[in-house]
Amino acid sequence: MMATEDGRNVNSLKEVWSREENALCADCGEPDPDWASYTLGVFLCLNCSGIHRNISDISKVKSLRMDHWDEGQVQFLMQHGNAVAKATYEAHVPMYYYRPVHTDCQVLREQWVRAKYERKEFTEPGKHPPYSNGLKEGILWKRGRDNGQYLPRRFLLSEREGCLKYFVKQDAKEPKVVVKIDTINATFQPEKTGNPNGLQITYLKENKTRNIFLYHQDGKEIVDWFNAIRAVQFHYLKVAFPVASDQELKSRLTRNFLKEGYMEKTGPRQKESFKKRWFTLDHRRLMYFKDPMDAFAKGEVFIGSDGHGYGVRQGLPTGTQGTFTWPYGITIITPDREYLFTCETEREQQEWIAAFRHVIEQPMTPQEYAIEAYFKLKP
Ligand SMILES: [Zn+2]
Numbered sequence: 061m062m063a064t065e066d067g068r069n070v071n072s073l074k075e076v077w078s079r080e081e082n083a084l085c086a087d088c089g090e091p092d093p094d095w096a097s098y099t100l101g102v103f104l105c106l107n108c109s110g111i112h113r114n115i116s117d118i119s120k121v122k123s124l125r126m127d128h129w130d131e132g133q134v135q136f137l138m139q140h141g142n143a144v145a146k147a148t149y150e151a152h153v154p155m156y157y158y159r160p161v162h163t164d165c166q167v168l169r170e171q172w173v174r175a176k177y178e179r180k181e182f183t184e185p186g187k188h189p190p191y192s193n194g195l196k197e198g199i200l201w202k203r204g205r206d207n208g209q210y211l212p213r214r215f216l217l218s219e220r221e222g223c224l225k226y227f228v229k230q231d232a233k234e235p236k237v238v239v240k241i242d243t244i245n246a247t248f249q250p251e252k253t254g255n256p257n258g259l260q261i262t263y264l265k266e267n268k269t270r271n272i273f274l275y276h277q278d279g280k281e282i283v284d285w286f287n288a289i290r291a292v293q294f295h296y297l298k299v300a301f302p303v304a305s306d307q308e309l310k311s312r313l314t315r316n317f318l319k320e321g322y323m324e325k326t327g328p329r330q331k332e333s334f335k336k337r338w339f340t341l342d343h344r345r346l347m348y349f350k351d352p353m354d355a356f357a358k359g360e361v362f363i364g365s366d367g368h369g370y371g372v373r374q375g376l377p378t379g380t381q382g383t384f385t386w387p388y389g390i391t392i393i394t395p396d397r398e399y400l401f402t403c404e405t406e407r408e409q410q411e412w413i414a415a416f417r418h419v420i421e422q423p424m425t426p427q428e429y430a431i432e433a434y435f436k437l438k439p
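If you use my numbering, the sequence shown corresponds to residues 61 to 439, in order.
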């Protein structure tokens, strides 16, 4: 008798688990979730189930493979599931809000889960979370340019003024730096900064890239700042590009760097010894730094499209002079000159070549022609 009931239960669990709507993790979209919350009725990946354990008063998780499921719990899953949960907990996610995926860092994924189920920020319209009103002010820890020490600084984000500023003294009237909102790119960089809540703000000043590294010890606070910046940028873009769709505007909010890492480079005469530098490929901007956490790039190279004289080749030109220690060469061709790089491993070389190809194969937009012209003007 028991065996039959158990068997029926297992079959019901398999049925609801195999439904199309439950094929991806409810929170990060990773395929083939094998955990579930029997209080929220969602199917989760292992990582997200770990985050749910941090909100155990709301969500109770079990392994679909290893744990025993009783009939009531299976019934609950059958009546709920990812589609029902999404309709409830993601009913009113603002367009600009960053929805993390499984490759994103822990703080983004955790705050997304907390925002959805714990704070219920998206269940009904008209809620005004602190990132939504176009104005945010508070203390963030900013890395000093020279000594690398983090110090508290007052930051102010203003949609009306279209900028993000910071002040060195708490009561200072004049900001130390004013950054125009349309030039900001904010990305989480836990590995590079060595801080789980480390945020990198990149912006342009006189067409040169600058970096600011920030953190706040509270995960909610740093993710609120991140989404507040996105909210202001989204509204700025909506005014600047009134005919663009919301989806198009959203895709322009955060650019994850296409690739970062060390390579060696030689100078313009291609006879100099190669020097090890940290490279960042931010769409068509290839920047290099002495140290990954430098405030300024030592140099920037514009990477255009193949229809316009740009290309990438594996290896270095024969007869390359200048000494280098890393064996895997890359040659970047631009209308003006060739750039020679070397990588430590073949894998690094192939990843860089793939990243460069990805950019070079895309045709340039009118705006990118303007940026290219600006690069050519540079001394
Ligand atoms: Zn997940």
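Ideal Cβ placement from N, Cα and C applies to all residues, glycine included.
None of the values given here were measured: they were computed from a predicted structure.
| Query | Result |
| --- | --- |
| Spatially closest choice to L84 from K436, V102, Y98, K74, by CA coordinates | V102 |
| heavy atom of ligand 1 below 6 Å from C165 C-beta | no |
| M61 to V70 span [Cα, whole Å] | For M61, the pLDDT reaches just 43, beneath the cut-off of 50, and the residue's location in the model is therefore unreliable, leaving the point undetermined. |
| S116 - DSSP class collapsed to helix/strand/coil | coil |
| Ligand 1 heavy atom lying under 6 Å from the CB of N107 | yes |
| Residue environment, E80, which counts as buried when at least 16 other CB atoms sit within 10 Å | exposed |
| Proximity to E170 [Cα-Cα], best of I413, G194, K280 | K280 |
| Sequence-distant residues of the same chain with beta carbon closer than 8 Å to K350, five excluded per side | R337, W338, K358 |
| Identified DSSP bridge partners for Q374 | I390 |
| Cβ shell of V238 (< 7 Å), same chain only, five flanking positions each side left out | C223, K225 |
| Buried/exposed call for V299, threshold 16 Cβ in 10 Å | exposed |
| Alpha carbon of R407 to alpha carbon of F362, nearest angstrom | 24 Å |
| Three-state class that DSSP yields for E184 in the structure shown | coil |
| Residues near G89 in its chain [Cβ-Cβ closer than 6 Å; skip 5 each side] | V161 |
| Under 7 Å between C-beta atoms of A291 and Y156 | yes |
| heavy atom of ligand 1 below 6 Å from D306 C-beta | no |
| In DSSP terms, what V102 is bridged to | S97 |
| L106 burial status per 10 Å Cβ neighbour count (16 or more: buried) | exposed |
| Cβ neighbour criterion (16 or more within 10 Å) applied to L437 | exposed |
| Contact test: D127 Cβ vs ligand 1 heavy atom, cutoff 6 Å | no |
| Endpoints, alpha helix (DSSP H) assigned at Q422 | Q422 -> no alpha helix (DSSP H), and no H or E assigned at all. |
| Start-end ranges of the beta strand (DSSP E) lying completely within the region 240 to 285, minimum 3 residues | 245 to 248, 259 to 265, 268 to 275 |
| Unbroken beta strand (DSSP E) run spanning R337, endpoints | 335 to 342 |
| Terminal residues of the beta strand (DSSP E) in which Y348 lies | 345 to 349 |
| Any non-hydrogen atom of ligand 1 within 6 Å of D94 CB | no |
| Residue environment, V419, which counts as buried when at least 16 other CB atoms sit within 10 Å | buried |
| Own chain partners of E398 with C-beta closer than 6 Å, once the 5 adjacent residues on each side are dropped | T391 |
| Other residues of its chain near D87: CB distance less than 6 Å, five sequence neighbours each side excluded | C108, V173 |
| Of the listed residues L264, L104, Q422, nearest to G141 (C-alpha basis) | L104 |
| Through-space distance from L195 to S97, alpha-carbon basis | 36 Å |
| Classification of H112 by the beta-carbon crowding that lies within 10 angstroms, buried from 16 upward | buried |
| Distance cut-off 6 Å: E90 Cβ against heavy atoms of ligand 1 | yes |
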